[in-house]
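Participant:
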Amino acid sequence: MEENKMRRFTEEISKFADKPFHVYFATSNANKFKEMQFLGRQTFSMEQHSLEIPEIQGTVQEIIEAKIEEARKMSSVFPILVDDTALEISGLNGWPGPYVKEFLQSFKPDGIVELVQRANPENMKARAICSLGYLENREAKPIFGYGFVEGILKHRDDKIYKGFGFDPVLYPFGEGKAFGDMTMEEKGNLSHRAHALLNLCQNLVKEKGSGDS
């Protein structure tokens, strides 16, 4: 997975504006769809497709590859985009990784911070990872995009929880506030999801340019 630096996402994604992609984003998460729609607004015509795709246990790459193959079988519309999110916490030896959704359901954002503080208070570093899979049609070769951002997990002393998922407690390196305190534009210029979408656009252009389906 290529390292992602802080960058001006809006400027970079605009380079693909002359090669627009229409896509159905398979998610039942309204917040995630809203964010992806905003991130891809210059390049994608994006529609939500509430497809419940079963998830396997495995690595980040294994899970996104399995999800896109399930979408191939289950979806009635194409092109289709699927995603998966992981949170690797250094103080928990990389846990929960791709199982962050279940982790958040059990512990909530502040509960995760408390767990890390009890286990390894000297190491609150975390890496948020987004993986994307794209299928042009049911017979197509899948195309993937990956992105990550690193930061520190911190308690919310103000008890104000904005954003979704781990957004309220993840403070990206070099930033004085959590993802949840940022505007969508601010978050979009450095988030794991933005990096993955940009990487996907780059790979889509490469594949389309080579003539592969």
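As numbered in my numbering, residues 1 to 213 make up the sequence shown, in order.
We treat Cβ as the ideally placed atom computed from N, Cα and C, and that holds for glycine.
A quick note: this is a predicted structure, and the numbers were derived from the prediction, not measured.
I'd like the span of the beta strand (DSSP E) that includes residue 85, first residue to last.
Facilitator: Counting along the chain, the beta strand (DSSP E) containing residue 85 begins and ends at 80-89.
Participant: Does the Cβ of residue 160 have 16 or more other Cβ atoms within 10 Å, making it buried, or fewer, making it exposed?
Facilitator: Exposed is the call here.
Participant: For residue 91 versus residue 119, is the C-beta spacing smaller than 8 Å?
Facilitator: Going by C-beta atoms, residue 91 is nearer than 8 Å to residue 119.
Participant: Under the DSSP definition of a beta bridge, which residues are partnered with residue 46?
Facilitator: In DSSP, residue 46 forms a bridge with 23.
Participant: Which whole-angstrom value is the C-beta distance of residue 136 and residue 173, which I expect to be below 8 Å?
Facilitator: No, residue 136 and residue 173 are not in contact; Cβ-Cβ is about 36 Å, not under 8 Å.
Participant: Leaving out the 5 sequence neighbours to the left and right, which residues in its chain are closer than 6 Å to residue 193 when beta-carbon positions are compared?
Facilitator: Result list for residue 193: 130, in chain order.
Participant: Looking at the structure shown, is residue 172 part of a helix, part of a strand, or coil, going by DSSP?
Facilitator: Strand.
Participant: Spatial neighbours of residue 208 within its chain, please: CB distance less than 7 Å, with the 5 preceding and 5 following residues excluded, ordered by chain position.
Facilitator: Within the same chain, residue 208 has no close Cβ partners at all.
Participant: Could you tell me the distance, in whole angstroms, from the CA atom of residue 84 to the CA atom of residue 117?
Facilitator: Between residue 84 and residue 117, the C-alpha separation is close to 26 Å.
Participant: Any chance the CB of residue 76 is under 7 Å from a heavy atom of the ligand SAM?
Facilitator: Only the bare structure without any ligand can be found here, which leaves the ligand SAM out of the picture.
Participant: Measuring CB to CB, does residue 199 end up less than 8 Å from residue 146?
Facilitator: For residue 199 and residue 146, yes; Cβs fall inside 8 Å.
Participant: Using C-beta distances below 6 Å, list every residue in its chain close to residue 39, excluding the 5 sequence neighbours before and after it, in chain order.
Facilitator: The residues are 188, 194 and 197.
Participant: Pick from 184, 41, 112 and 143: whose alpha carbon is nearest that of residue 169?
Facilitator: Nearest of 184, 41, 112 and 143 to residue 169, Cα basis: 112.
Participant: Tell me residue 149's beta-bridge partners as DSSP assigns them.
Facilitator: Bridge partners of residue 149: 128.
Participant: Alpha carbon to alpha carbon, what distance is there between residue 51 and residue 75?
Facilitator: Rounded to whole angstroms, residue 75 to residue 51 spans 7 Å at the Cα level.
Participant: For residue 18, count neighbouring Cβ atoms within 10 angstroms of its own Cβ and tell me buried if that reaches 16, exposed if not.
Facilitator: Exposed is the call here.
Participant: Helix, strand or coil for residue 143 per DSSP?
Facilitator: Strand, per DSSP.
Participant: Starting from the Cα of residue 108, find the closest Cα among 43, 201, 155 and 94 and give me that residue.
Facilitator: Minimum Cα distance to residue 108 is reached at 155.
Participant: Quick check on the DSSP output: the alpha helix (DSSP H) that includes residue 104 runs from which residue to which?
Facilitator: Per DSSP, residue 104 belongs to the alpha helix (DSSP H) from 100-119.
Participant: If I follow the unbroken alpha helix (DSSP H) through residue 154, where does it start and stop?
Facilitator: Unbroken run through residue 154: none, as it is neither H nor E.
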